[in-house]
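Colleague:
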Amino acid sequence: METDAYGPPRNEQELAAIADITAQAFAMPLADSETVVRKNFSESSLRILRVNGEVAATLTLIRMGQFLGGRSVPLIGVGGVGVAPAHRGAGAATRLFHHFLREMRDGGAPLSVLYPATQPLYRRVGYEVAGARYEIHVDAASLELGERSLSLRPMRPSDDAAVEACYRRFAAQHHGWLDRGDYIWRRVRTPRSDTAYGYVVEGTSGVEGYVYLVRGLSPQGAVPRQVLKLTDLTATTPAAARRLLRFLGDHRSLAQDVMWFGGADEPLLALLREQTYQVKLSMHWMTRLLDVPRALEARGFAPGLSGALHLDVEDDLFPENQGRFVLEVEGGTARVRPGGEGHLQMHVRALAPLYTGFLTPRALQLAGMLRADEASLDTASALFAGPAPSLRDMF
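Using UniProt numbering, read the sequence shown as starting at 1 and increasing by one per residue.
Structure below.
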């Protein structure tokens with residue numbers, strides 16, 4: 001009979017096993033996966049499932065936040081999910097997530113988000129598609145904006161705190177964006193196998209915008225040209241936005257394509273004269289509500305709205321989430337109490353895209369994921385209305 005054990009790695013042998021699983025799961029050279037495991041993550045962020053004492057599956061947890069309705073909700077990101085080849089098809093990943101999600105919920109985390117390599121696994125443990133990440137391409141020649149009134153200079157290490165504060169002001173206004181922790185900032189500043197060059201734009205209030213860019217070569221054309229890949233692009237004032245775009249446009253003799261990630265509603269594109277850009281879906285992300293009352297109370301709502309919604313939630317993994325709740329919203333904040341009449345019925349999976357605003361209640365009803373009367377549909381539509389949730393960062 002097989003026996004499972006769960007927890008962080010205990011020794012060098014288990015760290016080596018994690019590196020081996022990571023290399024095979026993501027088709028990476030073993031040396032690269034060892035670097036990822038040993039340098040990018042502390043042992044406290046790694047979790048494994050042992051089957052009969054052997055490392056069978058692994059994941060990495062990333063503590064951060066997510067801005068929803070203007071408030072930062074504590075968030076556990078999940079990355080590096082891998083299963084040893086000999087344990088594939090035996091439910092090791094599902095059992096790993098059962099242990100992991102219980103640990104995170106018991107530790108007080110209300111929410112978890114991941115990018116799925118496969119959706120059925122994560123749906124089995126309560127995740128559902130809840131937002132999108134878009135890839136944006138702009139022709140550098142179209143960025144000939146005349147803005148040079150603000151100062152732009154190379155970034156210095158002493159700018160880090162001001163840059164992070166600038167990002168947080170910007171991200172708080174973007175529904176779904178991360179309240180970054182150290183790991184995400186490392187990915188922005190030191191992307192794997194590349195060098196990111198940082199530049200800041202300064203105005204009367206200090207740092208008003210910045211960009212991190214990586215230079216690559218396009219394989220197209222007889223004469224190779226650069227591709228500017230932006231690991232971050234942030235502007236908190238119109239002048240800073242125009243100055244950064246002008247800076248990128250100044251590369252037009254070297255580069256044709258400027259690429260970054262964001263939402264389908266990227267505001268910088270409104271500054272361009274023509275539609276010399278492409279916005280395409282990169283990937284959907286998935287959300288799991290670990291603690292339904294805490295998650296609902298943690299996010300923000302439109303200040304002018306008020307209303308009450310009677311929920312009836314199913315959750316196969318957490319009995320604490322099972323049953324009826326009343327969500328009461330007023331003045332931009334929510335309170336949740338047990339009980340109520342349960343007019344809006346759904347699995348916790350369906351609650352995720354409603355919670356982030358990715359799908360409307362009527363869309364969920366049409367998909368067979370929600371049952372409700374008309375009054376409850378109207379109330380839920382009003383309370384969870386807002387911009388489409390998006391993420392810039394991959395993890």
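Ideal Cβ positions, reconstructed from N, Cα and C, are used throughout, including at glycine.
These figures come from a predicted structure and were not determined experimentally.
Considering only residues of the same chain and omitting the five flanking positions on each side of Leu391, which have a CB-CB separation below 7 Å?
Modeller: Only Gly131, Arg133, Gly176, Trp177, Leu178, Trp285 meet the Cβ criterion.
Colleague: Buried or exposed: Tyr197, going by 16 or more other Cβ atoms within 10 Å of its Cβ?
Modeller: It counts as exposed.
Colleague: Enumerate in chain order the residues of its own chain whose CB-to-CB distance from Tyr6 is below 6 Å, with the five nearest sequence positions on each side excluded.
Modeller: Taken in chain order, the residues that qualify are Leu49, His99.
Colleague: With Gln256 as the anchor, note down where its beta strand (DSSP E) starts and where it stops.
Modeller: 255-262 is the extent of the beta strand (DSSP E) around Gln256.
Colleague: Following the continuous beta strand (DSSP E) through Asp139, name the residue where it begins and the one where it ends.
Modeller: Residues 128-139.
Colleague: Identify every run of the alpha helix (DSSP H) within the UniProt domain "N-acetyltransferase" (1-157), keeping only runs that are complete inside it and at least 4 residues long; order them along the chain.
Modeller: Fully enclosed alpha helix (DSSP H) runs of 4 or longer: 12-25, 30-35, 92-106, 119-124.
Colleague: On the DSSP letters alone, give me the boundaries of the beta strand (DSSP E) that Thr231 sits inside.
Modeller: From DSSP, the beta strand (DSSP E) with Thr231 extends over 226-235.
Colleague: May I ask which residues mark the beginning and end of the alpha helix (DSSP H) holding Gln365?
Modeller: Note, Gln365: alpha helix (DSSP H), 361-366.
Colleague: Using a Cβ-Cβ cut-off of 6 Å (strictly less than) and excluding sequence neighbours within five positions of Phe384, which residues of its own chain qualify?
Modeller: Around Phe384: Leu354, Gly357.
Colleague: Write down every uninterrupted run of the beta strand (DSSP E) in the stretch 309-339 whose length is 3 residues or greater and which is fully enclosed by it, in chain order.
Modeller: Whole beta strand (DSSP E) segments, 3+ residues: 323-330, 333-338.
Colleague: Can you tell me where the alpha helix (DSSP H) holding Glu297 begins and where it ends?
Modeller: Segment 292-298, the alpha helix (DSSP H) holding Glu297.
Colleague: One question on the structure: do Asp312 and Arg324 come within less than 7 Å of each other, judged by their Cβ atoms?
Modeller: Taking 7 Å as the Cβ cut-off, Asp312 and Arg324 qualify as a contacting pair.
Colleague: What is the C-beta distance between Val214 and Pro238, in whole angstroms, given that I count them as a contact (C-beta under 8 Å)?
Modeller: That belief does not hold up - the Cβ atoms of Val214 and Pro238 are roughly 26 Å apart, past 8 Å.
Colleague: Please determine if the stretch 198-214 and the stretch 70-82 are in contact, where contact requires at least 3 C-beta pairs separated by less than 8 Å.
Modeller: They do not touch, by the three-pair rule.
Colleague: I need the DSSP call for Thr356, collapsed to helix, strand or coil.
Modeller: Thr356 falls in the helix class under three-state DSSP.
Colleague: Mind checking which residues open and close the beta strand (DSSP E) that includes Gly203?
Modeller: Segment 197-203, the beta strand (DSSP E) holding Gly203.
Colleague: Leu254: which of Leu290, Glu135, Leu217, Ala241 sits nearest, CA to CA?
Modeller: The candidate whose alpha carbon is nearest that of Leu254 is Leu217.
Colleague: Using DSSP with H/G/I as helix, E/B as strand and the rest coil, what is Ser390?
Modeller: Three-state result, Ser390: strand.
Colleague: From what residue to what residue does the beta strand (DSSP E) around Thr287 run?
Modeller: It spans 277-289 - the beta strand (DSSP E) in which Thr287 sits, taken as one unbroken run.
Colleague: With DSSP as the reference, please indicate the residues paired to Arg215 in a beta bridge.
Modeller: For Arg215, which the question treats as bridged, DSSP gives the partners Leu228.
Colleague: Whole-angstrom Cβ separation of Leu111 and Leu359, contact assumed at under 8 Å?
Modeller: Not really, about 17 Å apart at Cβ, beyond 8 Å.
Colleague: Once DSSP output is grouped into helix, strand and coil, what is the label at Arg371?
Modeller: Reduced to three states, the DSSP call for Arg371 is strand.
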